[in-house]
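According to my numbering, the residues represented by the sequence shown are 2 to 202, in order. A short worksheet on the structure shown next.
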Amino acid sequence: MFDSRLRPLIDPPINRLGAALAARGVSADGVTLAGFATGVCAALAVCLGHFWAAFLLIAVNRLFDGLDGAVARATHLTDRGGYLDIVLDFAFYGLIPLAFAIHDPDHNALAAAVLLASFYLNGAAFLAFAIMAEKRKLTTTAQGRKSLYYVAGLAEGTETIAVFLIMAALPDWFPVVAMAFAALTFASAIARVVAGALNLG
Numbered sequence: 002m003f004d005s006r007l008r009p010l011i012d013p014p015i016n017r018l019g020a021a022l023a024a025r026g027v028s029a030d031g032v033t034l035a036g037f038a039t040g041v042c043a044a045l046a047v048c049l050g051h052f053w054a055a056f057l058l059i060a061v062n063r064l065f066d067g068l069d070g071a072v073a074r075a076t077h078l079t080d081r082g083g084y085l086d087i088v089l090d091f092a093f094y095g096l097i098p099l100a101f102a103i104h105d106p107d108h109n110a111l112a113a114a115v116l117l118a119s120f121y122l123n124g125a126a127f128l129a130f131a132i133m134a135e136k137r138k139l140t141t142t143a144q145g146r147k148s149l150y151y152v153a154g155l156a157e158g159t160e161t162i163a164v165f166l167i168m169a170a171l172p173d174w175f176p177v178v179a180m181a182f183a184a185l186t187f188a189s190a191i192a193r194v195v196a197g198a199l200n201l202g
């Protein structure tokens, strides 16, 4: 919901930093993998109950996620880079709720399962439309230059990261926050399914 609105503010400094990293020989794929490793560490920190460490690692993971695209734009976009970016993003999004469930299954498992189900449906709508859009050669730059064309939704990257940070800052509130965000994500997924069906009709 907020991704396209934040792009004009975030892209210029991120692109400058990405260009500087690219000039020093840093690869976009390397940034993507480093970001995922940071995300895995964030999930491990949640499992162990080190929530402020998780908060910082989640923030760093998202910085890397913005930088890999900036480095790619400063050099050249590749299909492999786009593939790694989306797969590892989805893996990270799944690891954080799972980590909360592992940390306290009695308190968190149900809410984590509902949230993961909402992510699953939203991801299916996201990726299925991207496949059909590629088949029809549809393009957009509403979310910046991306490897995939997808329908914008209510729950996107900005909202997801904000929620993850809230969860890490207020871990006792995880079930409430997770259920509320799951409801928003289910609504986003349904809206994406409807919009995708109409656009492909």
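Ideal placement from N, C-alpha and C gives every residue a C-beta, glycine not left out. No experiment lies behind these values; they were computed from the predicted model shown.
DSSP places Leu78 outside both helix and strand once states are collapsed to three, so it counts as coil. Per DSSP, Val41 is one residue of the alpha helix (DSSP H) stretching across 29 to 48. Annotation: the continuous alpha helix (DSSP H) that includes Glu160 extends over 158 to 170. The closest CA to that of Met168, considering only Leu34, Ile15, Cys48, Ala20, is found on Cys48.
Gly50 is classed as exposed because its beta carbon has fewer than 16 other beta carbons within 10 Å across all chains shown. In the displayed model, Arg17 falls within a helix according to three-state DSSP. Contact between the region 88 to 107 and the region 171 to 185 is present: three or more C-beta pairs spanning the two stretches fall below 8 Å.
In the three-state DSSP reduction, Leu58 falls in the helix class (H, G or I).
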